[in-house]
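Residue numbers (UniProt numbering): 1 to 191.
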Amino acid sequence: GDETAASLQLNNVIVPFAPTTIDIGDNATWRGIENSSGLMPGTIRNIQFLKPAEHHHEGQREAHLVLGLDSREQANKIIQAGVIIEGKELQARKELPDATRCVKCSILPRDHDAKQCPNATKCGRCAGGHATRDCKVTDRKKFHCVNCKVNGHGAVDRNACPSFTRATDIVRSRHPESKYRYFVTEDPATW
């Protein structure tokens with residue numbers, strides 16, 4: 001029978017700074033990206049924003065995009081050469097597994113989901129007793145990490161949180177392919 005994108009093992013690449021004007025649900029958009037980027041037709045099987053569009057800031061013009069390709073070779077091609085979206089040349093990188101935190105209590109590593117969370121609600125930005133989406137704190141000096149127990153960053157700040165970095169290192173150590181820039185194929189250049 002026909003394989004659907006859901007049943008395929010897709011090779012996801014992250015494309016930072018993609019235009020938010022892209023119509024990710026339009027098949028013609030997918031084929032246009034393939035054509036302008038020199039990819040085989042039908043290779044892109046899924047496109048989505050890393051953060052759902054409804055969570056973009058008003059007026060946001062760029063966002064990280066995830067392209068799901070059915071071919072490791074084609075995914076490697078855009079990791080090496082980039083991708084063209086709406087006439088804009090963009091870099092791409094292999095999606096790597098990250099640590100996850102509970103969206104209710106903000107604790108790392110997440111061993112439960114919010115529905116089964118036994119802990120009190122903790123903001124991932126300021127550690128207050130409210131959901132992160134409801135946080136009004138904007139001053140970074142007032143951010144507080146529930147994992148590191150320090151001020152200056154929140155649990156959601158993946159670039160500044162040492163606890164997140166350590167937890168992500170553990171997750172990636174369980175996935176040997178994480179140490180490679182490319183998706184491993186028979187081509188020795190990908191090893």
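Note that beta-carbon positions come from the ideal geometry of N, C-alpha and C, so glycine has one too.
* What is the residue span of the alpha helix (DSSP H) that F164 lies within? -> Taking the sequence shown and counting its residues from 1, the one referred to as residue 164 is at position 164. Note, F164: alpha helix (DSSP H), 162-173.
* Asked: Which partner residues does K104 have in the DSSP bridge list?
  -> Locating residue 104 in the sequence shown gives position 104, counting from the first residue. Paired residues: none, contrary to the question.
* Beta-carbon separation (whole angstroms), F143 vs N76, contact threshold 8 Å -> For the purposes of this step, residue 143 is taken as residue 143 along the sequence shown, with counting starting at 1. For the purposes of this step, residue 76 is taken as residue 76 along the sequence shown, with counting starting at 1. Contact flag wrong, Cβ pair sits at about 38 Å.
* Which of helix, strand or coil DSSP assigns to G1 -> On the sequence shown, residue 1 is found 1 positions in, with the first residue counted as 1. Residue confidence is low: G1 scores 40 on pLDDT, short of 50, so the model does not pin down where it sits. Its coordinate-derived value is still stated next. DSSP, read as helix, strand or coil, puts G1 in coil.
* DSSP state of K88, grouped into three classes? -> Translated into positions along the sequence shown, residue 88 becomes position 88. Correct three-state label for K88: strand.
* Is it right to say N11 is buried, meaning 16 or more other beta carbons lie within 10 angstroms of its own, or is it exposed? -> As a working mapping, residue 11 is identified with position 11 in the sequence shown. N11 should be labelled buried.
* **4 or more residues per run - each alpha helix (DSSP H) lying fully within the region 19-75** => 27-36
* Asked: Using 8 Å as the Cβ pair cut-off and three pairs as the minimum, do the region 82-98 and the region 13-29 touch?
  -> yes
* Are the region 102-109 and the region 159-169 touching by the rule of at least three beta carbon pairs closer than 8 Å? -> yes
* Is the number of C-beta pairs between the region 95-103 and the region 166-177 that are closer than 8 Å three or more? -> yes
* Cα-Cα separation between D2 and E177, rounded to whole angstroms -> Start at 1 with the first residue of the sequence shown, and residue 2 comes out as number 2. Start at 1 with the first residue of the sequence shown, and residue 177 comes out as number 177. Here D2 scores only 46 on pLDDT, less than 50, and its place in the model is too uncertain to base an answer on.
* To do: Measure the alpha-carbon distance for V66 versus F49 and round it to whole angstroms.
  => Here residue 66 refers to the residue found at position 66 of the sequence shown. Here residue 49 refers to the residue found at position 49 of the sequence shown. Distance between the alpha carbons of V66 and F49: 6 Å.
* **Three-way DSSP call (helix, strand, coil) for K94 in this model** => For this step, residue 94 is matched to residue 94 along the sequence shown. Strand at K94.
* **Cβ-based burial, N35 [other Cβ within 10 Å; buried from 16]** => Counting from 1 along the sequence shown, the entry for residue 35 is found at position 35. Exposed, since its Cβ has fewer than 16 Cβ neighbours within 10 Å.
* Rounded C-alpha distance that separates P41 from V103 -> The residue you call residue 41 lines up with position 41 of the sequence shown. The residue you call residue 103 lines up with position 103 of the sequence shown. Cα to Cα, the separation comes out at about 38 Å.
* To do: Would you check if there are 3 or more beta carbon pairs closer than 8 Å linking the region 109-126 to the region 46-64?
  => no
* **Span separating the alpha-carbon of R140 from that of H153** => Residue mapping note: residue 140 aligns to position 140 of the sequence shown, counting from 1. Residue mapping note: residue 153 aligns to position 153 of the sequence shown, counting from 1. In a straight line, the C-alpha of R140 is about 6 Å away from that of H153.
* Quickly, what does DSSP pair V15 with across the bridge? List them, please. => Locating residue 15 in the sequence shown gives position 15, counting from the first residue. Per DSSP, L65.
* Can you name, in chain order, every residue of its own chain whose Cβ lies under 6 Å from the Cβ of N119, other than the five neighbours on each side? -> Taking the first residue of the sequence shown as position 1, residue 119 is located at position 119. Only C105 meet the Cβ criterion.
* Looking only at C-alpha atoms, which of N147, C148, C123, K149 sits nearest to T138? -> Reading the sequence shown from its first residue, position 138 is the one you call residue 138. When only C-alpha atoms are compared, the closest one is C123.
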